[in-house]
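Notes for the one structure printed next.
In the working numbering, the protein residues as written are 1 to 223.
Printed below as a string of structure tokens:
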């Protein structure tokens, strides 16, 4: 039999989830600056005092939605890393996931990019659970990526003269910027008959050749 305390806890969790769902709908469809706690309360069909009981401000709600997307990205990264054997294939698969995430979950990608590139002071976020989870997701992706690179250096598929962290930063920077490529660049490529999909594949090939240890048969294999 469910206790009263457990039932109330579930009700609170459900109400919080409903509020985040309402906020997500607004953040996905509108401009962040135009969205207010009033509009979120309206969408969630709750009064403002209840909204502020769960979330101190709009920033905290926004982080909760961003964290939802980061959970999906992390799961995709885990699965991609697990499928491959060599270090080179693992880090290549992880890199491709960023573009796949942006393609499959454009709204989560867009608000995540907005969060990373705007002047949010994360130390001011009151929702410590979301902040902690957001940081943990980033830490795990970093750890999986660097471990894959280090494995590649050990198994001979990645150049041993490179720094694993430097490789991670370069590949992450490229992965972050491909989905937001300037329209002028897209037009230039299309004028040469190069589709967005072909360009993305060419970028992955260039990245592989940039870090691959060409002295081994395994490093020269194609995916």
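A virtual CB, placed ideally from N, CA and C, is assigned to each residue, including glycine.
Beta bridge counterpart(s) of residue i as assigned by DSSP
i	result
residue 37	Bridge partners of residue 37: none, in fact.
residue 158	212
Residue environment, residue i, which counts as buried when at least 16 other CB atoms sit within 10 Å
i	result
residue 206	exposed
residue 112	buried
residue 166	exposed
residue 171	buried
residue 77	buried
residue 94	buried
residue 50	exposed
residue 224	Residue coverage of the chain in this structure runs from 1 to 223, which leaves residue 224 outside it and unanswerable.
residue 24	buried
residue 40	buried
residue 115	buried
residue 145	buried
residue 55	buried
residue 194	exposed
residue 130	buried
Close beta carbons around residue i, own chain, < 8 Å, minus the five adjacent residues each side
i	result
residue 96	80 and 204
residue 52	37
residue 216	Unreliable placement is indicated for residue 216, whose pLDDT of 49 sits below 50; no coordinate value is reported for it.
residue 200	99 and 178
residue 74	137, 140 and 141
Pairwise C-alpha distance: residue j and residue i
i	j	result
residue 143	residue 47	42 Å
residue 223	residue 89	In this prediction, residue 223 has a pLDDT of 42, which is less than 50 and means its spatial position is unreliable; what the coordinates show is noted afterwards. For residue 223 and residue 89, the distance between alpha carbons rounds to 8 Å.
residue 108	residue 5	34 Å
residue 20	residue 209	43 Å
residue 202	residue 29	32 Å
residue 173	residue 197	19 Å
residue 82	residue 188	37 Å
Cut-off 7 Å between Cβ atoms - residues of its own chain near residue i, not counting five sequence neighbours on either side
i	result
residue 219	Unreliable positioning characterises residue 219 in this predicted model, as indicated by a pLDDT of 41, which lies under 50. A coordinate reading is not provided.
residue 236	This structure cannot settle anything about residue 236, because the visible part of the chain is limited to 1 through 223.
residue 120	59
residue 27	35, 62, 65 and 111
residue 149	87, 91, 158, 164, 167 and 168
residue 33	none
residue 182	none
Cβ shell of residue i (< 6 Å), same chain only, five flanking positions each side left out
i	result
residue 153	160
residue 180	none
residue 102	109 and 179
Problem - Three CB pairs or more closer than 8 Å across the segment 129-140 and the segment 53-71 - result: yes
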